Amino acid sequence: MDFMSYKQALQLCNDPRAGLAIISGEQLISLPPKYLDCIGQGVKEQLDEMKGFYSERLLGALIAYSNIKILGDKGILLDDSPYIHLKIQADFIVFQPRVGSRLRGCVNKTSKAHVGILVHNFFNASVAHDQDGHVEETVSKDEDCEFTVTELFLHRNHLSLRGKNIQR
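Mapping of the sequence shown onto full-length UniProt numbering: residues 1 to 168, in sequence order.
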């Protein structure tokens with residue numbers, strides 16, 4: 001999955017309907033031994049694998065990163081693990097939706113029961129129709145819209161949303 005660049009994500013951080021936050025902080029990286037001769041590349045590849053997944057340390061799902069610094073001059077080996085554990089510092093852009101916040105997304109599915117929305121081309125959101133099968137505003141597939149977050153779900157570090165009050 002291709003995520004937006006740090007520069008693109010940074011531009012969206014000023015839009016409250018993006019649900020993004022900038023966090024400068026530390027992260028522990030477990031580096032496979034194949035990266036011993038190219039640690040910088042290994043750190044970037046490990047961070048790329050974390051994109052889209054919820055991180056307890058970051059309190060959200062990683063979208064982009066920049067300004068990586070490896071802290072210390074040595075990695076740590078733990079027990080029988082062949083992985084080298086490194087502490088890094090970086091600027092992270094994280095998706096941190098909150099219940100009650102308004103988010104922008106793109107309709108990817110319409111059905112009799114709900115409207116499916118993709119936020120940042122990755123995170124699924126669902127806005128259910130009312131008991132009569134109506135949604136507040138009619139939207140079409142591939143149309144941009146906004147909605148209010150009512151619930152957040154986390155399953156295997158994948159974040160998904162439920163919402164209401166859909167508007168174009």
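Heads up, the beta-carbon is just placed ideally off N, CA and C, and yes, glycines get one too.
These numbers were taken from a predicted model, which means no experiment stands behind them.
query	result
Cβ neighbour criterion (16 or more within 10 Å) applied to residue 147	buried
Helix, strand or coil at residue 103 according to DSSP, with G and I counted as helix	strand
Span separating the alpha-carbon of residue 150 from that of residue 161	8 Å
Minimum C-alpha distance to residue 73 - residue among 54, 154, 112 and 39	39
Extent of the continuous beta strand (DSSP E) to which residue 184 belongs	Outside the shown range of the chain (1 to 168) lies residue 184, about which nothing can therefore be said.
N-terminal and C-terminal residue of the beta strand (DSSP E) that residue 96 is part of	Element bounds for residue 96: n/a, residue is neither H nor E.
Limits of the alpha helix (DSSP H) - the one that residue 7 falls within	6-12
Contacts around residue 85, its chain only, beta-carbon distance under 8 Å, and the 5 residues preceding and following it disregarded	28, 29, 30, 31, 75, 76, 77 and 78
Identified DSSP bridge partners for residue 176	The question about residue 176 has no answer here: the residues shown for the chain are numbered 1 through 168.
Buried versus exposed call for residue 170 [16 or more other C-beta atoms within 10 Å across all chains shown]	Past the edges of the chain, shown from 1 to 168, lies residue 170, and the structure says nothing about it.
Cβ-based burial, residue 33 [other Cβ within 10 Å; buried from 16]	exposed
Residue from 56, 59 and 64 with nearest C-alpha to residue 2	64
C-alpha gap between residue 158 and residue 61, whole angstroms	8 Å
Residue 35 in three-state terms, based on DSSP	helix
Presumed contact (8 Å Cβ cut-off) between residue 139 and residue 107, rounded CB distance	5 Å
Under the three-state DSSP convention, the category residue 61 falls into	strand
CB of residue 66 within 8 Å of CB of residue 90, strictly	yes
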